[in-house]
Each structure stands twice: as C-alpha cells, then as structure tokens.
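What follows is a short report on a single structure.
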Amino acid sequence: MAKYYDFLWYAGLSTVGFGVLDAIQGLYTGISLLKYVAPSEATQLYEISKGPILGALLEEQRQLFSSLQVIGGAAVMGIASGIKNNERIRELEERLGIKSDD
Numbered sequence: 025m026a027k028y029y030d031f032l033w034y035a036g037l038s039t040v041g042f043g044v045l046d047a048i049q050g051l052y053t054g055i056s057l058l059k060y061v062a063p064s065e066a067t068q069l070y071e072i073s074k075g076p077i078l079g080a081l082l083e084e085q086r087q088l089f090s091s092l093q094v095i096g097g098a099a100v101m102g103i104a105s106g107i108k109n110n111e112r113i114r115e116l117e118e119r120l121g122i123k124s125d126d
C-alpha cells in the first residue's frame, strides 16, 4: 500500500516542479511583453485589441494557473505523506502492542 502513496507523493512533486518551471517561463514572457505596454489608459484600451496587451493579460492568467498548480501539487504531497506516516505509526503501535484511540 505504501507504494501508492509514494507514487502520489512523486506525482505531487512533479506537479510542483512543472508549476515552478511554468512560472519562470511566464515571468520571462511577461518581462519581454512589458515593452509593449502603453503609458496611458486610453492607448492601453486601444492596444488590447491589437494583441500584445491581450497577450500580457493571458500571461497573468497563466501565472495564476502556475501558482494553483504548485499549491495543488504541494497539497497532494502533504496528503500522501500524512497517510503514509499514519500507516507507519499504526505499524509501530502494532509492534509495540499499543492500542490506538481510532
């Protein structure tokens, strides 16, 4: 049973890794798009229809997704680790002859 928890933990770790890599790539793309940002609001509204600002807005959405990906992966890792540790504690209690309160 512990193998499945290990798999979940590594799946969560890879999700966190991909989220971090995506965030780094998005940061680079966001910095490269900054040169297209117009200084005034009127021209910004006009530029949205042209494309680069829309790209920057979509990049912000991708950054949010990257953050959620990292948080979700870390949550999966934490859950898998907690379940695995509970399983180890129960095995240790059985070996020592301690009755659990569950």
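Heads up: take any position in the sequence shown, counting from 1, add 24, and you land on the numbering used here.
Just so it is clear, CB atoms sit at the ideal spot from N, CA and C, and this is done for glycine as well.
- Residue 47 and residue 85 do not touch by the CB rule: their CB atoms are close to 13 Å apart, not below 8 Å.
- Taking every protein chain shown into account, the CB of residue 38 has fewer than 16 other CB atoms within 10 angstroms, so this residue is exposed.
- Annotated as distal: residue 94 and residue 32, with beta-carbon spacing of 7 Å or more.
- Sorting 49, 116 and 106 by C-alpha distance to the C-alpha of residue 30 places 106 at the top.
- Closest by C-alpha distance to residue 40, out of 34, 97 and 92, is 97.
- Take the alpha-carbon of residue 52 and the one of residue 109: they are about 39 Å apart.
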